[in-house]
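K.L.:
Using the working numbering, read the sequence shown as starting at 58 and increasing by one per residue.
The following block contains the structure, expressed as structure tokens.
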Amino acid sequence: MGSGKSTVAFRLAGLLDRTAVDLDRVVERRAGKPVARIFSEDGEPAFRLLEARALAEELADGKVVALGGGAVLDEGSWKLVKERALSVWLDAPLEVLWKRAGADVSRPLSLDREAFERRFAERRPRYAEADLRVEAEGDLGEVAKEVVRRCGL
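Have a look at this one:
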């Protein structure tokens, strides 16, 4: 939802000499169409199924994975993350998230401000269950360094 997950994941992977993936891009490659089309043509449940399958495979490879913002609401996906990974909540104020995500038409769930706020409120309790919470309002390169520092890596 605009927290900088993809940017931080790739910068974090660089700092740790690992591979990073953006789970939405993995799903797009496998489906052969953009996330927005998957949502419009197949629906959110179909997208979440593709996402869960991709997540299981990417976590098995030991990669730094940037989850889509809604992946945490899928119980199976969240269980996988908690069992196989260190989860990091990139926490930023709603206004920052909206500014980053709200104008991006490739984000099908970020086009309507009211709906965006509802999703933020719905997801926030699950985000709070992450292993680590890091402020993500500022420079995302610095956020990645903070994750490394806080994890002692």
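Just so it is clear, CB atoms sit at the ideal spot from N, CA and C, and this is done for glycine as well.
Remember, it's a predicted structure, so these values are computed and weren't measured experimentally.
Using a 10 Å radius around the Cβ and a threshold of 16 neighbouring Cβ atoms, would you call aspartate 74 buried or exposed?
P.N.:
Exposed, since its Cβ has fewer than 16 Cβ neighbours within 10 Å.
K.L.:
Can you name the residues that DSSP bridges to tryptophan 135?
P.N.:
According to DSSP, which records beta bridges pairwise, tryptophan 135 is partnered with nothing at all.
K.L.:
Between the stretch 111-119 and the stretch 79-98, do three or more beta carbon pairs fall short of 8 Å?
P.N.:
Touching, per the Cβ criterion.
K.L.:
Rank Gly125, Asp99, Leu130 and Gly209 by C-alpha distance to the C-alpha of threonine 64 and give the top, closest one.
P.N.:
It is Gly125 whose Cα lies nearest to the Cα of threonine 64.
K.L.:
Could you check which residue in Glu108, Leu116, Asp131 and Trp146 has the C-alpha nearest to that of glutamate 140?
P.N.:
Closest by alpha carbon: Leu116.
K.L.:
By a C-beta neighbour count over all protein chains shown, 10 Å radius and 16 as the cutoff for buried, is valine 205 buried or exposed?
P.N.:
Classification for valine 205: exposed.
K.L.:
On the three-state DSSP scale, how would you describe arginine 190?
P.N.:
Arginine 190 falls in the strand class under three-state DSSP.
K.L.:
With DSSP as the reference, label leucine 147 as helix, strand or coil.
P.N.:
Strand.
K.L.:
Roughly how many whole angstroms lie between the Cα atoms of glutamate 186 and lysine 136?
P.N.:
In a straight line, the C-alpha of glutamate 186 is about 11 Å away from that of lysine 136.
K.L.:
Based on DSSP bridge pairs, tell me the residues matched to aspartate 79.
P.N.:
For aspartate 79, which the question treats as bridged, DSSP gives the partners Ala123.
K.L.:
Could you please give the first and the last residue of the uninterrupted alpha helix (DSSP H) stretch that includes valine 65?
P.N.:
Taken as a continuous stretch (DSSP letters only), the alpha helix (DSSP H) holding valine 65 covers 62-73.
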